[in-house]
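**Student:**
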Amino acid sequence: MTDSEYHELADALMLTIEEQIDDCDADLDYESAAGILEIIFADKSKIVINKQAPLHQVWVATKFNGHHFELHEDKWIDNRSGAEFWQFMCDAATRQAGSQIKWQHD
Numbered sequence: 505m506t507d508s509e510y511h512e513l514a515d516a517l518m519l520t521i522e523e524q525i526d527d528c529d530a531d532l533d534y535e536s537a538a539g540i541l542e543i544i545f546a547d548k549s550k551i552v553i554n555k556q557a558p559l560h561q562v563w564v565a566t567k568f569n570g571h572h573f574e575l576h577e578d579k580w581i582d583n584r585s586g587a588e589f590w591q592f593m594c595d596a597a598t599r600q601a602g603s604q605i606k607w608q609h610d
């Protein structure tokens with residue numbers, strides 16, 4: 505994967521989440537700048553997603569732990585647990601919000 509392809513895919517990943525936050529039933533907000541997306545929950549805790557361009561990874565930090573995702577074929581996979589990004593994000597956001605959150609993706 506080229507650097508340009510990485511940036512396009514990682515930016516699309518974050519944009520997909522940003523676009524859904526306002527429509528989410530949970531009380532969420534977000535801040536986004538310079539390759540970092542912070543999802544802010546009602547209790548002021550955060551999930552932070554940031555691009556790690558030199559490694560072609562996307563890192564996710566929740567209030568419980570951190571994960572490093574790499575693109576394998578067409579899916580972002582956690583290089584430690586093997587979790588797929590979208591399922592991980594649904595589970596992590598639901599746990600952190602205390603109510604079910606489902607992220608829609610293509």
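As numbered in the working numbering, the sequence shown has no gaps in its residue numbers, which increase by one up to the final residue, 610.
Using N, Cα and C, we set each Cβ at its ideal position, and we do this for glycine too.
Keep in mind the model is a prediction, meaning the values are calculated, not measured.
(1) When DSSP labels each residue in this structure, what does W607 get in the three-state scheme?
(2) Tell me the rounded alpha-carbon separation between S585 and A565.
(3) If you follow the beta strand (DSSP E) that L519 is part of, which residue opens it and which one closes it?
(4) Tell me, please, which residues DSSP counts as bridged to Q561.
(5) Applying the criterion that 16 or more other CB atoms from any shown protein chain within 10 Å of the CB defines a buried residue, is Q608 buried or exposed?
(6) Excluding sequence positions up to five away, which residues of its chain have a Cβ less than 8 Å from the Cβ of I521?
**Tutor:** The relevant details are as follows:
(1) As a working mapping, residue 607 is identified with position 103 in the sequence shown. Per DSSP, reduced to three states, the secondary structure at W607 is coil, with no helix or strand assignment.
(2) Residue numbering aside, residue 585 sits at position 81 when the sequence shown is read from its first letter. Residue numbering aside, residue 565 sits at position 61 when the sequence shown is read from its first letter. Rounded to whole angstroms, the separation of the alpha carbons of A565 and S585 is 14 Å.
(3) Against the sequence shown, residue 519 aligns to sequence position 15. Membership of L519 in any beta strand (DSSP E) is not indicated; the residue belongs instead to the alpha helix (DSSP H) covering D507 to I525.
(4) On the sequence shown, residue 561 is found 57 positions in, with the first residue counted as 1. Q561 is bridged to Q556 and E574.
(5) As a working note, residue 608 is residue 104 in the sequence shown. Exposed.
(6) As a position in the sequence shown, residue 521 is number 17, starting the count at 1. For I521, where only same-chain residues beyond five positions count, the Cβ hits under 8 Å are Y534, L541, I543, I553, M593 and W607.
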